[in-house]
Amino acid sequence: MAFASIHVPNFPVQAVVRAEPSLCNKAVALVDGAPPIWNVIAANEVALLAGIELGMAKSQAVQFHAVEIRNRSRVQEKSAHAALLDLGASVSPRMEDTAPDTIILDISGLTFLFGSDENIYRQLMQRASSMGLLVHVAVSSNLEVALQAARGFSGITVIPPGEEAKCLGKLSVRALLPSAEILETLERWGVRDCAALAALPVLQLSERLGQEGVRLHELARGACLRSLVLAKPGVRFEEEMALDFAVAELEPLAFLLGRLLDQLCARLEARALAACAIRTHFDLEDSFEKDFQVLSENSPPKLAPKTYEKVLSLPVPTRNSKMLLKLLRLQLQADPPHAAIVKIILSAEPARPRAAQGGLFLPSCPDPEKLELTIGRLANLVGHANVGSPELIDTHRPGDFRMARFAPASDESTIPQKNATAFTHGSRETPLTAFRVFRPEIQVNVEPQQNDPTRIYFRGMRGNIIAASGPWRTSGDWWREDTWQQDEWDVEVRFDSVSGQSQKISSPRTQNGIYRIYYDSLRAAWFARGRYD
Amino acid sequence: MYTEFHARSAFSFLEGASLPEELAAVCAEYGMQSMALLDRDGVYGAPRFYLAADKSQIRAHIGAEVTSAAGWRYPLLVESREGYQNLCRLITKMKLRAPKGKGDVSGREVVQYARGLVCLSGGEEGPLAHALANGGIESGMKCVQQLCELFGKQNVYVELQRHFLREEEARNHAAIEIAEKLGLPLLATNGVRHAVPERREVLDVFTCIRNHRTLATAGRLLARNSELHMKTPAEMAQLFADVPEAIANTQVLSSRLQFTLKDLGYRFPKYPVPDGKPEIHFLRQRAHDGMVSRYGLNNKRAQAQIGRELDLIEKLDLAGYFLIVWDIVRFCREQNILVQGRGSAANSAVCYALGITAVDPVRMDLLFERFLSEERGEWPDIDLDLPSGDQRERAIQYVYERYGKLGAAMTANVITYRGRSAAREIGKALSFNPETLSRLTSLVSAWEYKDANDTLARQFRDAGFDMQHPQIRKFFELCLQFQDLPRHLGQHSGGLVVCQDQLDSIVPLEPASMPGRVVVQWDKDDCADMKIVKVDLLGLGMMAVLEDCLQIIQKDYGEEIDLGRLPANDPVVYDTLQKADTIGMFQVESHAQMACLPRLRPECFYDIVVQVAIIRPGPIVGKMVNPFLKRRQGREAVDYLHPSLKPVLERTLGVPLFQEQLLRMAMIAAGFSGGEAEELRRAFGFKRSERRMKEIEKKLRSGMDRNEISSEAQEKIILAITSFALYGFPESHAASFALLAYASAFLKCRYLAAFTAAILNNQPMGFYQPDTLVRDAQRHGLKVKPIDVTCSDWLCQLEKSGQTFCVRLGMRFVKGLRGDVALKIVSERAIRPFSSIDDLKLRVPMIQKTELATLAEIGALNFIGAKKVHRRDALWQIERASRRPGPLLENVEEKGMEIKDKTVELEAAPASSAILSPLAAMTGEERLVADFRGTGLTVGLHPMGHHRAEMKRRGVRSAMELLNLPNGMHVRIAGGVITRQRPGTAKGFVFISLEDETGISNAIVTPQLFESNHVVIVHQQFLMIEGKLQNQDGVISVKAEKIEPLRITRAETTSHDFH
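Protein sequences appear in the order of chains A and B.
Start counting the first sequence at 0; every next residue gets the next number (numbering that gives the first Met the number 0).
Start counting the second sequence at 0; every next residue gets the next number (numbering that gives the first Met the number 0).
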């Protein structure tokens, strides 16, 4: 039995270079981190020779003009890993997915397919090269030996049976992936390669490094035996589609999404699972003119990202692809991507399917799937920010609130609570002054006299302000772009005339009304915030 | 007219956003005649507010907001001196019993200290608001009645504030009703937190810092609007148009509050003179005794000078002050604590006679007026240098004991926001992630010199911030606004204030972070401004070195050295100084000093005084250094600005180098008195005032006109005075430092082993890393032995090696080794030697594996047991010794001593197989790496020494070789970087010192070369530099043309950077 281990050295760099072949012979350094801080996390040999050091700040690295700096791409790494798996699968059905950068194949008996052993190795190298990967290949009858050798030696390494220890001798102990503590101890001991480690007396080593020491010792001698762990199907349910031509219309996009959803749901069904959320990721076409999104009036303009991501959370797990497509369409209609799509990634978060059993004495609730669809449709009509349950925010900003996700009561325990609340409210004796908020606020015209409002016009009404209390001044969020600065008045207005339209706001029975109005200094305009009932 | 009676400054620490000066300036701008400052639980900002207000002719009312046990605050205003003393005592009482930054007062304490204080009902955090919120108007009424009971009805004002808030207005309605019912006066205030509206942003960020929130999550903790700023009287009158009496009452109250800080009532303590004689008699007696011992009986000049000084001291009633300082010095002498006065005190012959200072001002002809003058009306300032560490603490504790806990306290040190701290706090408030923040703060440049591009904006860009981003922009603006705002109160390193009566009636006292220390609420400048006498007991690393060195000499050499009686003109010392072989010597070891020494070539003590003073910003900026050196070398004719100034400038060859010369120039040329001259120095000093400078210049010119000095000479003299006054160094101070410089040089030259051990035991200090100090000592022939647990102590010790001494490194240099572990090793070793590493582990069970590993790695365990092992053998052994026993033997140790003792026996004679390891011994490079990793230094060969042959092949010259090469030759040097400097005075030039096994070579890097090699110069530890050799008067350096990294070792050497 023979095993071939395939290892992609400097995997993050190779993953990026694979996607950008023009970097092939250049000095490349990868940076990663949370913006705006970036550190060099990987670099190829040419870059290291040029003076780049791992851990260096991006601001320092860019001073090396000959070095190409790129961001680390986990997507490319994932894609490179998938390619590596494809490479393995194209050669042998028995494969171990050892690490993102390493796989092990059982190549016993493959000579019937590929001819000589050398042909197999050559095929592996060639196929890797055609996939844009430069790999190390090591072959041994011992799986671990093949693995270590592939990590430590470049090119093709074939280790004949019985020569494992000799061949691994020159290999750095780092290739055995010891724990940080043991690696430090070995470094202190001056034990740098496998030969030195293998030469240590195992009993005394075990006294010092314990079982891990013994295991490393076996690895260093090429005496560690284990079986191939066959790669299991992944737990990630993700479908990806790169488009040759960018798609900008919803209909053709929906067709593609439908296909991907069908595939996803079929995979979920095969595993007896359902999706509790669908994550949509689009890579968008670069478009200079569309770099700035046109946002709603209150939101600050910001740089649009080059990707579009959305999560469709589902109230109950489902694998109904048609319903999922409807929801996705609604989501896309409500918040369309701002540029044409060049790549689609759809992933499903798996969960156990719903096993529904309604309680006999529970009030009937709408079907959660239908409710979600309805909420989705509503959101599509009025905007996502306007659907749900209102929730107050800890801020001085007048009238500010946010919409929390609407979640219908599903627990019996909520019912008595609701009754209790109702009872408490019902028993309250003191009448409350209610304030009816105008949403959105109504712009009004105000005639001020020495900064106090004296006369007001709005919605076809005009009236004298017979009593005013204010100004009540608030301002804040100065560190944001949507700062505010308002002077509020509580005013009692005696209206001169009442038009039909005004009846919506003022009670038809009285000519007087008490309102809260404010002057927005930033917009230089007057508004009515609401009315006291 | 209106007076603001409720304002907080930034000295309310995170509850106010403007400095007192800013508040006073706005007050003046708005035409107010008075204002009150009420900081939280203290009068921290009162002196600065008083002084700033005084300048603008505004009356500064003093007060404080004092926290009650219920959490609200009494806004208290001081009416009389008694009120001020009560306020200080009340705050002190509250502070001293609570942890730092906390504390509250009870109603009973308030009654005790209520006299002389006026109480307001307060704003949002006041008692009335608290009562109204909790119990409505009835409760509010009760609360105000209680205030009346506490302070007296005539001393309570019902406060109204209007910030356009509904709740506040409801409170005002209730307050007016209560005031009417109780017949109390109303008082309008604005509850000021910042001087101008824009500072509200700073206040909001402070709120976030205080509450550990971000701006995004602080919500309603933030200010509701920007109305907490100073308002003009007209604005306030308009705001309170409906209650005009609230505005009018501010004037009534202002006229009632008579107290200002001018009326502080501070008195220096009386010295307890025996026999009840006047202090001055006792002082004259002590001075006479000292004079006889210092000068003998026949020195008429000294007698005259001392007599003159004593007369002035008597006239100014300062005898007590001198006696108290003398008393501290006497205590130190008795306790064998080295002590020496520094600064302007060294100008006084009385101080010299009393033994406070060690410089003879009569012989050196120092100007007494620089220290004390009648005109100045200030207390003299005596600074005492003491060995840093425990000895200084003993002296401080003596003062506490002598004057009582409430009679003496340390001055405060107000910690203010600087670039890094401001950026960190603001970044947190703006929700920047921790990595971003640490990157930013680490990138804030530490270079002293800032070139035109080295702005905060550039640092932001370097950190990867996009300055176009609005949030980053806001961050940047806030950083600028935060500069110099106080953050919290620290403790000054050595300033002690003492008081005749209780100090807590002069200024509130607080506990310091250090146990047993009490600190006043004012910093040393505030104390000086308030004319409170302070004595600085400063810790000086070199004093500790000298003291330790003397003890080592006494213990090991058996010799008693008296620093006061060192041989005056030791040729070896001067020879060493002339060669700039001065590593480790006080004040003459920096690169700049070394570059000057061979040109100045000191030949006598005064030359050292000049040497200490000349490498200072004053002479450098004033371009005095080169003219002086040229004149000294005879390359330039000596020229005095005016013939009449010859006596003053003769000693420094016509070049003014000292502040005293400046004073004398004014005295001779313009006929100034000593006091007037000192006033001139101050006017041109750090706190410059254009108006005062103009006045004094006019006076100077008229004086010179009277003395018929030509206008040309006048210009020169004025230029010399004005350009030099800002930075000049006092001659007396230089002389005090020169004494220490001479002593350190003498001890290093004559007792190298003792000096080296002492300086190593006091690290970190000085200019060089321990590795460089060891290397320098080795080059001078000293043997330095490595750390060895069988003979090293915690500190470095001397060992006899034949006829000479060598230094054994102490375990204090072992990185990560705890002091108590080392001491346990030493004590166990004293009982009986360790037989093996297992034995060591058994007898010092607290030792951790990492500590053992470091000891093994640096070779400190090589000599345990009968057979010497190598470092890897020891590392092999410690892995087993420090491994926990398996489950089978886990309980053996706990079961009793019998088994344990058997273990000891077993371990006492370990099998040789357990000692020896299968590991190979470390190579030279490996030992080097291990030494630097474990101790930061090596006693072995310098890393460059291992590569000398290769260096020769590459044409690299050693430091020693450079001495014999001609000026202008193109050379290549290489070595480990020991210092990197970019001095503020060097216009962007960078100075790099490289060390190799033969010595130190220096390179000068132009700003352009630095810019293009920034990363290499800053980050690489070994460099190869090519350039032209400059050999000027024995000062050797290489003007760098090419710099590249040199990778010769993995050893993590360190350098001393960015001075």
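For glycine and all other residues, C-beta sits at the position ideal for the given N, C-alpha and C.
B:N432 has a beta carbon lying within less than 8 Å of a beta carbon in chain A. For the set A:W525, A:I340, A:R515, the Cα lying nearest the Cα of B:R165 is the one of A:R515.
Within the segment 662-697 of chain B, not a single complete beta strand (DSSP E) segment reaches 3 residues in length. Excluding residues up to 5 positions away in sequence, Y416, A421 lie with their Cβ nearer than 6 Å to the Cβ of B:F481 in the same chain. Under the DSSP definition of a beta bridge, B:P386 partners with B:L539. B:F1021 has a beta carbon lying at 8 Å or more from every beta carbon in chain A.
B:E226 is the residue among B:M513, B:V324, B:E226 whose C-alpha sits nearest the C-alpha of A:P470.
Legend: CB atoms of the segment 180-200 of chain A lying less than 9 Å from CB atoms of chain B belong to residues E183, T184, R187, W188, G189, V190, A195, A198, L199, P200. With a cutoff of 8 Å on beta-carbon distance, B:L365 and B:E649 are scored as not near each other.
Residues C87, R88, T91, L405 of the same chain have their beta carbon placed closer than 7 Å to that of B:D503, with the five preceding and five following residues left out of the count.
Taking C-beta atoms under 8 Å as the contact rule, B:A1002 and B:A948 fail to qualify, at a distance of about 23 Å. The C-beta of A:T482 comes no closer than 8 Å to any C-beta of chain B. At a cut-off of 8 Å between beta-carbon atoms, B:F163 makes contact with chain A. If you compare the alpha carbons of B:V806, B:L315, B:P514, B:G1033 with that of B:R96, the shortest gap goes to B:P514.
Proximity of B:R926 to chain A, defined by a Cβ-Cβ separation below 8 Å, is not satisfied. Per the C-alpha coordinates, the member of B:N189, B:R198, B:G340, B:T249 positioned closest to B:L238 is B:N189. Scanning A:I158, A:L196, A:S226 for the CA closest to the CA of B:P917 turns up A:L196. About 6 Å separates the CB atoms of B:A668 and B:I716; that is less than 8 Å, so the two are in contact. The count of Cβ pairs closer than 8 Å, one atom from the segment 178-193 of chain B and one from the segment 390-407 of chain B, stays below three, leaving the stretches out of contact. At a cut-off of 8 Å, the C-beta of B:W521 has no neighbouring C-beta in chain A. Taking 3 residues as the minimum length, the beta strand (DSSP E) runs contained wholly in the segment 37-75 of chain A are 38-42, 66-70, in order along the chain.
Against B:A852, the close residues of chain A are R187, in the order they occur along the chain (beta-carbon pairs closer than 7 Å).
Close partners of B:G403 in chain A (Cβ separation under 8 Å) are lacking, with about 50 Å as the shortest Cβ gap. Boundaries for B:V42: no alpha helix (DSSP H) harbours it, and the DSSP string shows neither H nor E there.
For A:G475, a Cβ of chain B is located within less than 8 Å of the residue's own Cβ.
Spatial neighbours of A:A247 in its own chain (CB-CB distance under 6 Å, excluding positions within 5 residues in sequence) are listed in chain order as A339. Close CB contacts of B:L628 within its chain, under the 7 Å cut and outside five residues either way in sequence, are with R598, L599 (chain order). By the neighbour-count criterion, in which a residue is buried when 16 or more other Cβ atoms sit within 10 angstroms of its Cβ, A:F254 is exposed.
B:V534 is bridged by DSSP to B:I381, B:L495. Rounded to the nearest whole angstrom, the CA to CA distance from A:I119 to A:E348 is 39 Å. For B:I614, the closest of B:A527, B:E714, B:H590, B:V497 by C-alpha to C-alpha distance is B:H590.
Taking all protein chains in view, the Cβ of B:T249 is crowded by 16 or more other Cβ atoms within 10 Å, so the residue is classified as buried.
Annotated three-state conformation of B:H468 is coil, per DSSP. Annotation for B:T1005: no alpha helix (DSSP H) segment contains it, and DSSP assigns it neither H nor E. Secondary structure of B:W875 (DSSP, three-state): helix. Counting only runs of 3 or more residues that sit fully inside the segment 327-353 of chain B, the beta strand (DSSP E) segments are 339-341, in chain order.
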